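Notes follow once the structure below has been shown.
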Amino acid sequence: MKKLKIDLTNLDEVFPEGFSQEQIAKAKTLFLKKMAEKAHKFYGGKIQTVPKAGVFGFNWFNIWYTPGVSKISTTIRDDNDTSFELSNRGNFVAVVSDSTRVLGDGDCTPPGGLGVMEGKAFLMKYLGGVDAVALCVDSKDENGKNDPQKIIDFVKMCQHSFGAINLEDISQPNCYKVLDTLREECGIPVWHDDAQGTACVTLAGLINALKLADKKIGDVKIAMLGAGASNTTIARIIITAGGDPEKMYLFDSKGGLHKNREDIKADPRFYRKWELCQKTNPEMIKDFAEACKGADVMIALSKPGPDTVKPEWIKTMADKAIVFTCANPIPEIYPYAAKEAGAYICATGRGDFPNQVNNSLGFPGILKGALMVRAKKVTDNMAIAAAHSLAKYAEKRGIDPDNIVPKMDEAGVFAVEAADVAMQAIKDGVARIEMSWDEAFQKAKADIDYSRGMTKVVMEQGFIDTPPDEMLQDAIQWAVEQVK
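Numbering-wise, the numbering used here comes out as the position in the sequence shown, counting from 1, plus 12.
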């Protein structure tokens, strides 16, 4: 085996000769999980709080705290909106979760979500120049059932400390009530990243995939596996963006969504699914394999694979089939297997495969855009604007079947996305302040450059240690041994 580099760019090259594509895919997944465990223990998590103001002498303590800070308290008391300027509130996001649906691992208990929520905060800061904090809460009632009202009450109580709320990993159907209630009752943007965020980036990938396949969004047949918060919102966003609902087919664990699904109709908590039951699948197809026949697009956000999606389903799809299998941490089918079955374009939620269609491309820029204009909410139009922004950015620098969306290391995309979202917020009438596109772009770029530059400096100065070489080699060796 080759030695693994600290930047991990040669990860595909370090496995033993003779490993099959399936073995490499499994080994990479195992390595990334083991390395995550080791690295998080090494650093004690990945987020800390540091001052952004200086201490230039003893009396500066009397400015940052008492008695000087009294002026800040009374000024905000008299005009609450000044809190966005006189505190960090205007650039501060709470990542709120009850950890009941963490990635593909289900209910992980409230503290079990901290790794993901800290990860969101990490990406917001580095990619979007936004400060964030993980808030994992217990939503269980006295009978041990998860109560969405507890999350609603918590967010409404703490909203005055933040410029926006990012909901994450809340199981359905609770996620629908939590989001829709808070979007209307809070004075700051509240959005569910598993829903609008995933939908935004999926739409961006679909826009460019359809361009490469020379197909139009209103003409294509779309089969969708999974009907949770992500896929139901993706369906709604695609319809809003021009997709034909009568050519869309959604499936949950009990079969196809259609107008005769009395089980969904009878449970008012699933009102979002019922809306789609009435719009999609007019033929009332019950079997996903049947829906795949002649389909131009498959979008799966369901049970982690790699055997959830069958190659024979893909083989029955239309020419130049587009296959998005985005379950985490393991896609419903690995890209190599989907390509072997005839897929023209494949995408997953992971960055170690081509075409990462993951909400990490969306939320840093979208929330930055919303914060800059002090938006009251993130509208569906703002999410669609972000999708077109991402698609256009990728198209401008060049797209191909293995490169349909920007990558997370393309730093320039997030400032462009933020500016486009800010303009849409103004257009939608949800912005409290107005600015030009260039002003928004320059503000976002400056904050992102600051965040990335600060991280670089503390790494160079040794305030962030480099993981020892043995950690990487031990993790890769362990993964290889598990697969052999």
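Ideal placement from N, C-alpha and C gives every residue a C-beta, glycine not left out.
Computed from a predicted model, the values in this text were never measured in an experiment.
Open item on the list: Beta-carbon within less than 7 angstroms of SER431's beta-carbon, same chain only, minus the 5 sequence neighbours each way: which residues are those?
Closed with: The question names Ser, but residue 431 is Ala in the sequence shown. Hits under 7 angstroms: GLY381, TRP449, ALA452, PHE453 and ALA456.
Open item on the list: Taking only three categories from DSSP, how would you classify GLN268?
Closed with: Here the sequence assigns Gly to residue 268, which means Gln is not the residue at that position. GLY268 falls in the strand class under three-state DSSP.
Open item on the list: If distances are taken between C-alpha atoms only, which option among LEU44, LYS227, ARG386 and PRO160 comes closest to ILE438?
Closed with: ARG386
- [ ] Can you grab the Cα-Cα spacing for the pair PRO123 / LEU373, in whole Å?
- [x] 25 angstroms
- [ ] Measure the C-alpha to C-alpha separation of LYS223 and GLU154 and round it to an integer number of angstroms.
- [x] Those two C-alpha atoms are separated by around 52 angstroms.
- [ ] Check ILE250 in the structure and name its three-state DSSP category.
- [x] helix
Task: Short Cβ contact (8 angstroms threshold) for ASP165 with SER109 - done: no
Task: Within the stretch 62–129, ranges of the beta strand (DSSP E) (whole runs, at least 3 residues) - done: For the stretch 62–129, whole beta strand (DSSP E) runs of length 3 or above, ordered along the chain, are 104–109.
Open item on the list: On the CB-based measure, 16 or more other CB atoms within 10 Å of its CB, does PHE475 come out buried or exposed?
Closed with: exposed
Open item on the list: Let's see if you can read the secondary structure: which residues bound the alpha helix (DSSP H) around MET435?
Closed with: 424–440
TODO: Kindly give me the distance between the Cβ atoms of LEU139 and PHE426, rounded to whole angstroms, as I take these residues to be in contact under 8 angstroms.
DONE: 5 angstroms
- [ ] Assign TYR346 to one of three DSSP states: helix, strand, or coil.
- [x] coil
Task: Reduced DSSP category for PHE336 - H, G, I as helix; E, B as strand; rest coil - done: Assignment of PHE336 by DSSP, reduced to helix, strand and coil, places it in the strand class.
Open item on the list: Can you tell me where the alpha helix (DSSP H) holding VAL469 begins and where it ends?
Closed with: 449–472
TODO: Assign MET310 to one of three DSSP states: helix, strand, or coil.
DONE: Reduced to three states, the DSSP call for MET310 is strand.
TODO: Rank LYS162, GLY141 and VAL142 by C-alpha distance to the C-alpha of CYS148 and give the top, closest one.
DONE: Of the candidates LYS162, GLY141 and VAL142, the one whose C-alpha sits nearest the C-alpha of CYS148 is LYS162.
Open item on the list: Going by C-alpha to C-alpha distance, which of GLU482, LYS157 and ASP150 sits closest to LYS17?
Closed with: GLU482
TODO: In the DSSP assignment, find the unbroken beta strand (DSSP E) run with MET329 in it and report its ends.
DONE: No beta strand (DSSP E) holds MET329; DSSP gives it neither H nor E.
Task: MET169 burial status per 10 Å Cβ neighbour count (16 or more: buried) - done: exposed
Task: MET384 - DSSP class collapsed to helix/strand/coil - done: helix
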